[in-house]
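J.:
Numbering (our numbering), first residue to last: 49 to 399.
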């Protein structure tokens, strides 16, 4: 495990059924696919040979359609589900090697989890709900209430501590759920479609709130979603799953510009490239451009390699010259109107 890697899972399988190990052996030795496993062993392959790593402070989105295995996978990280096979390491700890008491302590100390269902205790106040993980740790009442109040302030619910869950809106309840997960100061946050049950406007507001909190708290986060737009907004990297398998992992730009197969290409076909694609992915290398076209006009605009496609298009409206791309003060590439048009057209969903 690298120094900056917090989570590393290797060759994880989850097969549901009475004979999971027999089914796994048949998959490996006979090459059975998912329908054949179901027919022969009455077993369902939920996760199939998944390996991935998550870096410190990263928001790592795992996404896919319903039944793709994303929620099943994330429940293996803290062993809410036991894998059929594979290895799970978090902060250098072999999670599969933990006994019951060690596992309980590990979950309480290291991991916070936020579900789609808010799961707030109706008989407890908002403040008591947030303080509950600290109570489990046997933190003194004064200390846990102080820490819970501080977290409520961070999620902008400081004035609501004495209220009960039914007195809060859905969006506010989910912020309480997030505050509860953060109260114990875990190293890792696991978030399983936390905003998907909310109205679109509230959902977007909570996405913005989560992005703001992530910049402040820098928690390593695994975020499950079926919504590509949400993954693009929130994720530093995205993993796409299909039928229990990991199909592609990368930044939003890498996946949109270089889909691994037709499934991923179809998946990302409708996403706007304007905020996802950046100058370094569109440009021609400077030497290649100069060899084919000659010098770039002296008054050509310059942009950083991280500039978005949206900004590049606006620049191209006002200049017929190429746009110079620089990194660390050095010109490294050129973008022409043809480059921009090609990128936009390739990103257009054709019916």
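We treat Cβ as the ideally placed atom computed from N, Cα and C, and that holds for glycine.
1) Using a Cβ-Cβ cut-off of 7 Å (strictly less than) and excluding sequence neighbours within five positions of residue 118, which residues of its own chain qualify?
2) From 394, 233, 224, pick the residue whose C-alpha is nearest to that of residue 257; which is it?
3) With a CB to CB cut of under 7 Å and the five nearest residues on each side skipped, what residues in its chain are close to residue 91?
4) Return the residue from the list 279, 191, 142 that minimises the CA-CA distance to residue 324.
5) For my contact list, residue 386 and residue 367 are in at a C-beta cut-off of 8 Å; report their separation, rounded to the angstrom.
6) Report the CB separation of residue 185 from residue 156 in whole angstroms; it is logged as a contact under 8 Å.
7) Identify whether residue 321 lies in helix, strand or coil by the three-state DSSP scheme.
8) Restricting to Cα atoms, I'd like to know which of 158, 200, 134, 328 is closest to residue 381.
9) Can you list, in chain order, the residues of its chain with a C-beta nearer than 8 Å to that of residue 59? Leave out the 5 residues immediately preceding and following it.
10) In whole angstroms, what is the alpha-carbon distance linking residue 203 and residue 261?
11) Whole-angstrom Cβ separation of residue 285 and residue 297, contact assumed at under 8 Å?
12) Does the stretch 241 to 249 come within contact of the stretch 188 to 206, defined as at least 3 CB pairs closer than 8 Å?
13) Would DSSP call residue 285 helix, strand or coil?
14) So, is residue 391 buried or exposed, given that buried needs 16 or more other C-beta atoms within 10 angstroms?
15) Where do the ends of the beta strand (DSSP E) carrying residue 297 lie?
16) Scan the stretch 116 to 193 and note each continuous alpha helix (DSSP H) run of 4 residues or more that stays entirely inside, going in chain order.
17) Chain B beta carbons: is any one of them nearer than 7 Å to that of residue 149?
18) Whole angstroms are fine: how far does the CA of residue 393 sit from the CA of residue 263?
19) So the alpha helix (DSSP H) residue 90 belongs to, where does it begin and stop?
T.: Quick look at the numbers:
1) The count along the chain shown starts at 1 and reaches residue 118 at position 70. Counting only Cβ-Cβ distances below 7 Å, and skipping sequence neighbours, we find 110, 111, 112, 272, 289.
2) Working through the chain shown from its first residue, we reach residue 257 at position 209. Distances from the CA of residue 257 to each of 394, 233, 224 were compared; the closest alpha carbon is that of 224.
3) For the purposes of this step, residue 91 is taken as residue 43 along the chain shown, with counting starting at 1. Cβ neighbours of residue 91 beyond the five flanking positions: 63, 64, 65, 67, 68, 71, 85.
4) Here residue 324 refers to the residue found at position 276 of the chain shown. In this structure, 279 is the residue among 279, 191, 142 with its C-alpha nearest to the C-alpha of residue 324.
5) The residue labelled residue 386 in the question sits at position 338 within the chain shown. The residue labelled residue 367 in the question sits at position 319 within the chain shown. In this structure residue 386 does not touch residue 367 by the C-beta definition: roughly 14 Å separates them, more than the 8 Å allowed.
6) To locate residue 185, count along the chain shown from 1; it is residue 137. To locate residue 156, count along the chain shown from 1; it is residue 108. Contact flag correct, Cβ pair sits at about 6 Å.
7) Here residue 321 refers to the residue found at position 273 when the chain shown is read from its first residue. Reduced to three states, the DSSP call for residue 321 is coil.
8) Translated into positions along the chain shown, residue 381 becomes position 333. Among 158, 200, 134, 328, the Cα nearest to that of residue 381 is on 328.
9) Counted from its first residue, the chain shown places residue 59 at position 11. If we look at residue 59 and ignore the five residues flanking it on each side, its Cβ neighbours are 97, 98, 99, 133, 134, 135.
10) The sequence position of residue 203 within the chain shown is 155, counting from 1. The sequence position of residue 261 within the chain shown is 213, counting from 1. C-alpha separation (whole angstroms): 8 Å.
11) By 1-based counting over the chain shown, the position of residue 285 is 237. By 1-based counting over the chain shown, the position of residue 297 is 249. Yes, residue 285 and residue 297 are in contact; Cβ-Cβ is about 6 Å, under 8 Å.
12) Between the stretch 241 to 249 and the stretch 188 to 206 there are fewer than three C-beta pairs closer than 8 Å, too few to call the two in contact.
13) Position 237 of the chain shown, counted from the start, is the residue given in the question as residue 285. Reduced to three states, the DSSP call for residue 285 is strand.
14) Translated into the one-based positions of the chain shown, residue 391 becomes position 343. In this structure residue 391 is buried. Its beta-carbon is surrounded by 16 or more other beta-carbon atoms within 10 angstroms.
15) Within the chain shown, numbered from 1, the residue matching residue 297 stands at position 249. That run of the beta strand (DSSP E) goes 293 to 298.
16) Along the length of the stretch 116 to 193, whole alpha helix (DSSP H) runs at least 4 residues long occupy 118 to 125, 148 to 158, 174 to 184, reported in chain order.
17) The structure shown contains no chain B, having only a single protein chain.
18) Taking the chain shown and counting its residues from 1, the one referred to as residue 263 is at position 215. Taking the chain shown and counting its residues from 1, the one referred to as residue 393 is at position 345. Distance between residue 263 and residue 393, taken at the CA atoms: about 34 Å.
19) For this step, residue 90 is matched to residue 42 along the chain shown. DSSP places residue 90 in no alpha helix (DSSP H); its state is neither H nor E.
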